[in-house]
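For reference, the structure discussed in these notes is given below.
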Amino acid sequence: MTENQITPNSAAVLLEAQAASGFLVDPVKNQLLSVDEAVKEDLIGPELHDRILSAERAATGFKDPYTGAKISLFEAMK
1 MTENQITPNS AAVLLEAQAA SGFLVDPVKN QLLSVDEAVK EDLIGPELHD
51 RILSAERAAT GFKDPYTGAK ISLFEAMK
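Residue 78, in UniProt numbering, is where the sequence shown stops; the numbers in between run on with no holes.
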């Protein structure tokens, strides 16, 4: 590992924590992006999409398969 760099796993954990707030931050453009937008902008690689999207959904909610409504993580677990 190069000095002043974090491991890929540590980076993924930090991205998950950031996504759990509802957005990822593009530090260059100073923009808030959804996970899908972050992949399109090459802020994160597509290999992290599903992992980071799960963290984002914890904050933004899940789609109820029966009603189509957005529901919280706790409601989805019922």
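Each residue gets a CB set at the ideal place from its N, CA and C atoms; glycine is no exception.
{"Check": "On the three-state DSSP scale, how would you describe Val39?", "Outcome": "helix"}
{"Check": "Grab the span of the alpha helix (DSSP H) containing Val13 for me, first residue to last.", "Outcome": "Pro8 to Ala19"}
{"Check": "Start and end of the alpha helix (DSSP H) containing residue 79?", "Outcome": "The requested residue 79 does not occur in the structure, where the chain is confined to residues 1 to 78."}
{"Check": "Could you spell out where the beta strand (DSSP E) holding Asp64 opens and where it closes?", "Outcome": "It is not in any beta strand (DSSP E) - Asp64 carries neither H nor E in the DSSP assignment."}
{"Check": "State the Cα-Cα distance for the pair Ala76 and Lys70, rounded to the nearest angstrom.", "Outcome": "9 Å"}
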